[in-house]
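J.: Before we start, here is the structure in question, set down as structure tokens.
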Amino acid sequence: MHNTINHAILVHGNNQLGQLGTGDFTKREIPTKVELAPGYSVRKVACGFAHTIVMVAEEKCCYSHRHHHQSDLNQAIEQPCSFALMGCGTNCCSQLAQPGSAFNDTEIPHLSPIQNSKCLQEMRSIHCGCNFTMICSKDGKSLHAMGDNANGQIGLRNWLEVSMPNSVPLKSLRNNLTNEFDTILKVFCGYDHTSVLCESGSVYSTGKNNFRELGFSNSAIQNDSQYTLTRVACLDTILQPTERVEMIAYGENHSLLLIRNGESNTDRLLACGDNKYGACGLGTSVHLVPSFTQVDIGNQQTVQQISKIACGEFHSAVLTERGDVWVTGRNSEGQLSFGNLDHRYRFTKIDVFGLAISDISLGNSHSIFISALNRQLMFGTGGGFDHPISQKSRLQRIEFGKENNYMLVNSAACGGLHTVFYRDQDVEDGISSQLMKRKVLSCSKGNLLVDIAIHATI
Numbered sequence: 001m002h003n004t005i006n007h008a009i010l011v012h013g014n015n016q017l018g019q020l021g022t023g024d025f026t027k028r029e030i031p032t033k034v035e036l037a038p039g040y041s042v043r044k045v046a047c048g049f050a051h052t053i054v055m056v057a058e059e060k061c062c063y064s065h066r067h068h069h070q071s072d073l074n075q076a077i078e079q080p081c082s083f084a085l086m087g088c089g090t091n092c093c094s095q096l097a098q099p100g101s102a103f104n105d106t107e108i109p110h111l112s113p114i115q116n117s118k119c120l121q122e123m124r125s126i127h128c129g130c131n132f133t134m135i136c137s138k139d140g141k142s143l144h145a146m147g148d149n150a151n152g153q154i155g156l157r158n159w160l161e162v163s164m165p166n167s168v169p170l171k172s173l174r175n176n177l178t179n180e181f182d183t184i185l186k187v188f189c190g191y192d193h194t195s196v197l198c199e200s201g202s203v204y205s206t207g208k209n210n211f212r213e214l215g216f217s218n219s220a221i222q223n224d225s226q227y228t229l230t231r232v233a234c235l236d237t238i239l240q241p242t243e244r245v246e247m248i249a250y251g252e253n254h255s256l257l258l259i260r261n262g263e264s265n266t267d268r269l270l271a272c273g274d275n276k277y278g279a280c281g282l283g284t285s286v287h288l289v290p291s292f293t294q295v296d297i298g299n300q301q302t303v304q305q306i307s308k309i310a311c312g313e314f315h316s317a318v319l320t321e322r323g324d325v326w327v328t329g330r331n332s333e334g335q336l337s338f339g340n341l342d343h344r345y346r347f348t349k350i351d352v353f354g355l356a357i358s359d360i361s362l363g364n365s366h367s368i369f370i371s372a373l374n375r376q377l378m379f380g381t382g383g384g385f386d387h388p389i390s391q392k393s394r395l396q397r398i399e400f401g402k403e404n405n406y407m408l409v410n411s412a413a414c415g416g417l418h419t420v421f422y423r424d425q426d427v428e429d430g431i432s433s434q435l436m437k438r439k440v441l442s443c444s445k446g447n448l449l450v451d452i453a454i455h456a457t458i
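In full-length UniProt numbering, the protein residues as written are 1 to 458.
Structural data, given as structure tokens:
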């Protein structure tokens, strides 16, 4: 059997539309292994509300006959990988590019190849919104999309739905200084939104704007959906000369924007859109934030540099460089990890068993926190994690145990009501990763796995 470290994913949560890829529609309350076909390895995973996309590499190598110190040696030389996409879950808007599916035309419960995805060679990243999928090329010169476009979220004007990977027009992406094409550095997808961050520092956005969550200040487009990637020009007046946009995150009706200062250690967080449940972190008196507004998190002594921002449907989280997590917003499913269901209207620091956190991922009503000590150590809270509400914290340690051959995972992708755990080769495993690897190897020889010692009792 092929090595499962990079040849399988672990899935958890709702499976009503086959989004877990297990071949059925049964909910999984513990992480369950789904193996890829032999010869493929997992590179990246992205989740929509009820669909999952996996970027896979087709592993190929050939043997070369080389002369080395007058000795002929056969050496295996790895060839450039051929990338492809696989998907499962709902295909209601063709987000899986599976027209005419045998499963009632909408549900694909097995990981299935995405049609024509092999033509998208040199893929760098994949991204999902509610019912759409975006693929960015390695050189940042092209962007492809498939799925729902009712609100312009994939940037293809005059198309309601796209059933196969289609090139997104990028003519509007122009560097103001050189008038040349502006290379895409990062892509961010929300419920019905897409933004791209370019090499020049400019941000272009498209999609739903009912709550002004795209941040446009032009009154003519404040409340209307955008159907092509449009430059967010108001950022020109918001950013200081030493600042640039680092990251964008979207919920259903709100957005967060992280601004990094190249000369100081102080980052800024901006928010706009719907604040009914406190998702923007601006208190109880503000229900709608019509333009990008600075949000205070703690104080400059406790929060200086921000590592990551993330949004669920109506909640938000911020991860600092020192490993602290701050949350705000709706808490109806306990997704904020407090021992109650009270919403929070300003960012509040949470305690993850005294551990520093290295990564966060948010679903509609659940949250995943990954330890900096070892990325194999993950915690979940909210929908799908059944800790009693009477407990001080609803955080539940996620077990990747014997039934999964102690698979080494280091990343999590949250969908609406499901989560996929996988191993990302581009991510460092954590401080004690070598210890975990030795223990896993020991297990493969018939020994029992003993928990890694951590600085708290879980």
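A virtual CB, placed ideally from N, CA and C, is assigned to each residue, including glycine.
In this text the structure is predicted, and so the values were computed from the model without any measurement.
Who are the near neighbours of L341 in its chain, counting only those whose CB is closer than 7 Å to its CB and skipping five residues on each side?
T.: Along the sequence shown, read from residue 1 onward, the residue named residue 341 stands at position 341. These residues qualify, in order along the chain: N331, S332, G334 and I389.
J.: Are L239 and M247 close, meaning C-beta to C-beta below 7 Å?
T.: The residue labelled residue 239 in the question sits at position 239 within the sequence shown. The residue labelled residue 247 in the question sits at position 247 within the sequence shown. No, these two residues do not count as a Cβ contact at 7 Å.
J.: Identify the continuous beta strand (DSSP E) that holds T293 and give its terminal residues.
T.: Sequence index remark: in the sequence shown, residue 293 carries index 293 (1-based). Run containing T293: L288 to V295, per the beta strand (DSSP E) assignment.
J.: Is the beta carbon of N14 closer than 7 Å to that of T26?
T.: Residue numbering aside, residue 26 sits at position 26 when the sequence shown is read from its first letter. Residue numbering aside, residue 14 sits at position 14 when the sequence shown is read from its first letter. Against a cut-off of 7 Å, the Cβ pair of N14 and T26 comes out as no contact.
J.: Short check: CB of L408 to CB of R394, under 7 Å?
T.: Position 408 of the sequence shown, counting from 1, holds the residue named residue 408. Position 394 of the sequence shown, counting from 1, holds the residue named residue 394. No, these two residues do not count as a Cβ contact at 7 Å.
J.: Would P165 be called buried (16 or more neighbouring beta carbons within 10 Å of its own) or exposed?
T.: Here the question's residue 165 lines up with position 165 in the sequence shown. The residue is buried, with at least 16 neighbouring Cβ atoms inside 10 Å.
J.: Quickly, what does DSSP pair Q396 with across the bridge? List them, please.
T.: Counting from one through the sequence shown, the residue named residue 396 turns up at place 396. G380, per the DSSP bridge assignment.
J.: Between N179 and G190, what straight-line distance do the alpha-carbon atoms span, to the nearest angstrom?
T.: Position 179 of the sequence shown holds residue 179. Position 190 of the sequence shown holds residue 190. Those two C-alpha atoms are separated by around 29 Å.
J.: Quick check on the burial criterion: 16 or more other C-beta atoms within 10 angstroms. Buried or exposed for K44?
T.: Start at 1 with the first residue of the sequence shown, and residue 44 comes out as number 44. With 16 or more other Cβ atoms within 10 Å, it is buried.
J.: Is the beta carbon of A372 closer than 7 Å to that of G323?
T.: Residue mapping note: residue 323 aligns to position 323 of the sequence shown, counting from 1. Residue mapping note: residue 372 aligns to position 372 of the sequence shown, counting from 1. Contact: yes.
J.: According to DSSP, what are the bridge partners of L143?
T.: Along the sequence shown, one-based indexing puts residue 143 at 143. BP columns for L143 point to C136.
J.: At the level of alpha carbons, what is the spacing between residue 461 and E35?
T.: The structure shown does not extend to residue 461, since the chain spans only 1 to 458, so no value can be given for it.
J.: Is DSSP giving K402 helix, strand or coil here?
T.: Here residue 402 corresponds to residue number 402 of the sequence shown, with the count starting at 1. Helix.
J.: With distances taken between CB atoms, is the gap from T133 to I53 smaller than 7 Å?
T.: Counting from 1 along the sequence shown, the entry for residue 133 is found at position 133. Counting from 1 along the sequence shown, the entry for residue 53 is found at position 53. The answer is yes: Cβ separation under 7 Å.
J.: Can you tell me which residues form a DSSP beta bridge with A271?
T.: Counting from 1 along the sequence shown, the entry for residue 271 is found at position 271. L256 and T293, per the DSSP bridge assignment.
J.: Could you tell me which of I126, S316, H193 and C130 sits nearest to residue 461, measuring between CA atoms?
T.: Residue 461 is absent from the model: the chain starts at 1 and stops at 458.
J.: Roughly how far, in whole angstroms, is the beta-carbon of S201 from the beta-carbon of R244, given that I think they are within contact range, below 8 Å?
T.: On the sequence shown, residue 201 is found 201 positions in, with the first residue counted as 1. On the sequence shown, residue 244 is found 244 positions in, with the first residue counted as 1. Note on identity: in this sequence residue 201 is Gly, with Ser being the wrong assignment. So it is a contact: roughly 5 Å between Cβ atoms.
J.: Helix, strand or coil for L408, going by three-state DSSP, please let me know.
T.: Translated into the one-based positions of the sequence shown, residue 408 becomes position 408. Coil at L408, not helix or strand.
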